[in-house]
Each structure stands twice: as C-alpha cells, then as structure tokens.
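Novice: I am attaching a structure below and will ask some questions about it afterwards.
Numbering (UniProt numbering), first residue to last: 1 to 169.
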C-alpha cells in the first residue's frame, strides 16, 4: 500500500463497488464544478452548487446511510420541469450530444449519471441493499442535465442536430 494513499478505501476488495461509487460521484461532482465555471447566470450557478453538494451527500450513501431526501429529489424534479418548459417545442427526438461548451459538459454529466445507475445496479445485484432514492436521484439528474444541455444550446441559439439511428427504428 502506498504511503501517499489518496483515499482510504482504494485497496478494498476489488469486487466491493462502494469505493468505485465514491470515486465516480467525486468525478461527477468535479465535472459539475467545471460546468459551473462556464455558466454566467448567477441563479443557475447557485443551483449547480446546490446539486453538486447533493452529489457529494450521495457519495457516502453505500458505505454509511442515505442523507439525501425526497424533498431534494422533488426540488431537482421541479427544476427539470422548469427548464423543460423553457425548451418546449425545441426537440423531442434523440440529438447528437454537441453544441456550446456548457451543453457539451452537461451531456458528459448526463452520461456519467447513467453510468452511475449501472454501477448502483451492479452493486444491488451483488446482494447489497440500495435505497431506491439513489436510483431516482441518479436517473433524474441524468434527465436534468440532458434538459440543461438543450437549454444551454437554446440560449446560445445553437440548433440541435437530430440523431436518426440506423440500428433502432
């Protein structure tokens, strides 16, 4: 074990996904912080800070207890609905994940939340208990950042590029 240990759980059993979950939520949080650095709107900057804090509260949930709440989930849902109303009629199909810098980072974050759901599912399938609230948060935050990506592009007057799959019709 390194004397420069970066995190106390790095050498846990490789099949124990709790450390992976914690590192991944840390990565997501760092990426949200990066997105926030490019946002000019003060209220949205505050909102992203609040979401970032919630992601950090999720961080220890598998190792300790779930400290995020239903009320916080409802708040994120209300913000998602709000932004959805701002982009209404813009697009209702799959889009290529591109556009302005903020939209591009939001797309990266949404995919990371989907991967987080998969990690949670693998952990649960190993026979561990996972509070459904964690699944709800990760899924909803993926949707939130997708809608936010569309909002950023709308604000920058960047047209979305529809993706038409050759595989799924």
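Positions of the beta carbon are idealized from the N, C-alpha and C atoms, including for glycine.
By how many angstroms is the C-alpha of residue 82 removed from the C-alpha of residue 257?
Specialist: Only positions 1 to 169 of the chain appear in this structure, which leaves residue 257 out of reach.
Novice: Would you mind giving the Cβ-Cβ distance between residue 35 and residue 102, rounded to the nearest angstrom? I have them listed as a contact below 8 Å.
Specialist: So it is a contact: roughly 6 Å between Cβ atoms.
Novice: How is the alpha helix (DSSP H) around residue 106 delimited, first residue to last?
Specialist: It spans 101–125 - the alpha helix (DSSP H) in which residue 106 sits, taken as one unbroken run.
Novice: Taking residue 6 as the reference, give the member of 17, 16, 15, 22 with the closest Cα.
Specialist: Checked all of 17, 16, 15, 22; the closest Cα to residue 6 is 22.
Novice: Name the one or two DSSP bridge partners that residue 55 has.
Specialist: Per DSSP, none; premise fails for residue 55.
Novice: So, is residue 138 buried or exposed, given that buried needs 16 or more other C-beta atoms within 10 angstroms?
Specialist: Buried.
Novice: Inspect the CB distances between the stretch 94–114 and the stretch 144–154 and report whether three or more fall short of 8 Å.
Specialist: They touch, by the three-pair rule.
Novice: Using 8 Å as the Cβ pair cut-off and three pairs as the minimum, do the stretch 113–127 and the stretch 64–81 touch?
Specialist: Contact fails: fewer than three Cβ-Cβ distances are below 8 Å.
Novice: Find the nearest neighbour of residue 67 within the set 78, 45, 53, judged by alpha-carbon distance.
Specialist: Minimum Cα distance to residue 67 is reached at 53.
Novice: Which residue or residues does DSSP assign as beta-bridge partners of residue 162?
Specialist: The partner list for residue 162 (beta bridge, DSSP) reads 95.
Novice: If you draw a straight line from the C-alpha of residue 50 to the C-alpha of residue 89, how long is it?
Specialist: Straight-line Cα distance between these residues: approximately 28 Å.
Novice: Roughly how far, in whole angstroms, is the beta-carbon of residue 152 from the beta-carbon of residue 100, given that I think they are within contact range, below 8 Å?
Specialist: The pair is a contact, with the Cβ atoms about 6 Å apart (cut-off 8 Å).
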